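Participant: My questions all concern the structure below.
In the UniProt record's numbering, the protein residues as written are 1 to 579.
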């Protein structure tokens, strides 16, 4: 929060300047009213006309300065909320993958929407109001002392009560505000869960359940906010009551002074006006200070999310991949005492094709994540061309690795954007990957590369999304490609075609995580790495492993491998060979 304020300190200072000017000028209206009333009671027409002209000019200038202040304050609020969102967004995306995955994405959404809005309503605007009303209060005190020190002393006594009583609500309001932030985060998570599960809810007739679930979460969020609002209402009511009592005290004391001949009627009007300028600011300050204090947990949360997570570039080397990627005695677990990988050692030579196979949960995906720098809290070493991965700039490591996941994410844009991802590539590069990935086959049925894909690719088939993912990976010409069960969710013909095209790329180091025990594909890999219970049980070519007759052989024969018919295989092999 402080960083955003420093970023816009010039606008903040300009806003404060006009806040001071308009606040002080507003207080001086009381003296103008005093002169008007006294001139009227004295019957001095000349003085009355003079004061009238001065008042008109004064009010025009006050209006202009007020407009400038309002424009500056609105611009400041806009810039601060914009800066806060940008800082939070950059902070989130500066996290390593493991740290990012530790929180629900809906929690991040809540911070970028609910929490920023809460800061605007409960911190930024109240802070501006407090600063302006401090000036109003100070100016009012000076003018009050000039008119009547006695009335000023009475107002000061009332002010003590106005300060003390509402301050008792501060801690309770802080607790309530923290609860509101937490509950809105939970509500966003639950709402995202329900909306993301729309198809499942429809398919399994869960509409009633979803309605009740939403109603419960919605009511809890509303009740939590209402609990905080009730406390705000009590705080404001107490403050307003004390303010009214203070104004009554001023009127009666001033009236008594007029009766005794110690005060003019014009001064009474000025005192009533100033009492509002004395009590009103105190009222506003006491209403807003608990808000500012209460939103502190939200400020701390936003500051934590805004924190940048970068490694120290001076201690890191640029990653190079010319020889091999290797792991030595690798051990890793998501929770202490529960290892997922156990003493894993292997070497992956550049340009070769590797298939990772094994039962679900044996550690295949985890191993690949460690090899590509996804996690860094492991025992053993991972080396790229003989250099420890922890000595490399992991942010640049992704320049060497592309990954095709089973669930391909599509941005709600067109095909061209989802391939290039905002980067510029030549027409030749684009044309090459369109053919290698097979996208050219379905482009003729659409509006070309400018065809919209819909939300997360809703207007495309599974095979089309997968081909776009392949093109997205290949156009960057990275030396390592991870195929993380990237063809398991599409039809067999398309899956074999995509995998075959990747296997045909000579300079590409391909690491495929697969459950598909198809001889046609597995036979083309240089090496199959078979894992069980976090260890590498066997490794070798398909022919070697089947001839050995060990654990992979048992796994292979137990899987119900579905192989294309001869009619399907022949055109497929011809197409792959053509690539």
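No residue lacks a Cβ here, since even glycine has one placed at the ideal position from N, Cα and C.
Fair warning: this is a prediction, and the values are worked out from it, not measured in the lab.
Within the same chain, show all residues whose beta-carbon is closer than 6 Å to that of residue 283, passing over the 5 residues directly before and after it, in chain order.
Facilitator: 239, 243
Participant: Identify which residue in 422, 388, 297 has its Cα closest to the Cα of residue 373.
Facilitator: 388
Participant: Pair every Cβ in the region 346-357 with every Cβ in the region 515-526, then say whether three or more of these pairs are closer than 8 Å.
Facilitator: Because the criterion of three Cβ pairs below 8 Å is met, the region 346-357 and the region 515-526 touch.
Participant: In whole angstroms, what is the alpha-carbon distance linking residue 109 and residue 64?
Facilitator: 40 Å
Participant: Between the beta-carbon of residue 154 and the beta-carbon of residue 270, is there less than 9 Å?
Facilitator: No, they are not a contact pair.
Participant: Do you know offhand how far residue 82's Cα is from residue 12's?
Facilitator: 15 Å
Participant: CA-CA distance, residue 21 and residue 178?
Facilitator: So the alpha carbons of these two residues sit roughly 36 Å apart.
Participant: Measure the CB-CB distance between residue 320 and residue 384 and report whether it falls below 9 Å.
Facilitator: Yes, the pair counts as a contact, with Cβ atoms nearer than the cut-off.
Participant: Between residue 16 and residue 263, what straight-line distance do the alpha-carbon atoms span, to the nearest angstrom?
Facilitator: Roughly 35 Å separates the two Cα atoms.
Participant: Are residue 294 and residue 228 close, meaning C-beta to C-beta below 9 Å?
Facilitator: yes
Participant: In the structure shown, what three-state DSSP assignment does residue 275 receive?
Facilitator: helix
Participant: Who does residue 332 pair with in a DSSP beta bridge?
Facilitator: 341
Participant: Compute the distance between the beta-carbons of residue 600 and residue 235, then report whether it is under 9 Å.
Facilitator: Because the chain is modelled from 1 through 579, residue 600 falls outside the range shown and cannot be assessed.
Participant: Mind the definition here: the region 95-111 touches the region 44-63 only if three or more C-beta pairs lie below 8 Å; say whether that holds.
Facilitator: Here the region 95-111 makes no contact with the region 44-63; the two share fewer than three CB pairs at distances below 8 Å.
Participant: Just confirm the distance between the C-beta atoms of residue 393 and residue 317, as a whole number of angstroms; I'd bet it's less than 8 Å.
Facilitator: Contact flag correct, Cβ pair sits at about 7 Å.
Participant: For chain D, find out if any of its Cβ atoms is closer than 9 Å to the Cβ of residue 283; answer yes or no.
Facilitator: Structure shown: chain D not included; a single protein chain is present.
Participant: With a threshold of 6 Å on Cβ separation, who are the neighbours of residue 556 within its own chain once the five nearest residues in sequence on each side are excluded?
Facilitator: 517
Participant: Cα separation between residue 185 and residue 300?
Facilitator: Computed Cα separation, rounded: 15 Å.
Participant: On the three-state DSSP scale, how would you describe residue 510?
Facilitator: strand
Participant: Grouping DSSP H, G and I as helix and E and B as strand, with all else coil, what is residue 531?
Facilitator: Here residue 531 sits in strand by DSSP.
Participant: Could you spell out where the alpha helix (DSSP H) holding residue 668 opens and where it closes?
Facilitator: Here the chain comprises residues numbered 1 to 579, so residue 668 is not present and cannot be evaluated.
Participant: Please confirm whether residue 438 and residue 501 have their CB atoms less than 9 Å apart.
Facilitator: yes
Participant: Counting Cβ pairs, one atom from each stretch, are 3 or more of them under 8 Å apart for the region 187-197 and the region 209-223?
Facilitator: yes
Participant: Compute the Euclidean distance between the alpha carbons of residue 422 and residue 410, then round it to the nearest angstrom.
Facilitator: 13 Å
Participant: How far does the alpha helix (DSSP H) with residue 98 in it extend, from its first residue to its last?
Facilitator: 97-101
Participant: Count the other CB atoms within 10 Å of the CB of residue 132; is the residue buried (16 or more) or exposed (fewer)?
Facilitator: buried
Participant: Using CA coordinates, which residue listed in 515, 520, 323 is at the minimum distance from residue 558?
Facilitator: 515
Participant: In angstroms with no decimal places, state the Cα-to-Cα distance between residue 370 and residue 484.
Facilitator: Rounded to whole angstroms, residue 370 and residue 484 show a C-alpha spacing of 14 Å.
Participant: Quick one: using the 10 Å Cβ neighbour count with 16 as the cut-off for buried, is residue 278 buried or exposed?
Facilitator: buried
Participant: Give the C-beta separation of residue 88 and residue 395 to the nearest angstrom, bearing in mind that I take them to be a contact with Cβ-Cβ under 8 Å.
Facilitator: Residue 88 to residue 395, Cβ: 19 Å. No contact.
Participant: Using only CA atoms, which one of 436, 455, 459 lies nearest to residue 447?
Facilitator: 459
Participant: Using the Cβ count rule (16 or more neighbours within 10 Å means buried), how would you classify residue 360?
Facilitator: exposed
Participant: If I measure Cβ to Cβ from residue 210 and keep anything under 7 Å in the same chain, skipping five residues before and after, which residues do I get?
Facilitator: 194, 201
Participant: Span of the alpha helix (DSSP H) holding residue 50?
Facilitator: 45-93
Participant: In angstroms with no decimal places, state the Cα-to-Cα distance between residue 191 and residue 113.
Facilitator: Near 14 Å, if we compare the C-alpha coordinates of residue 113 and residue 191.
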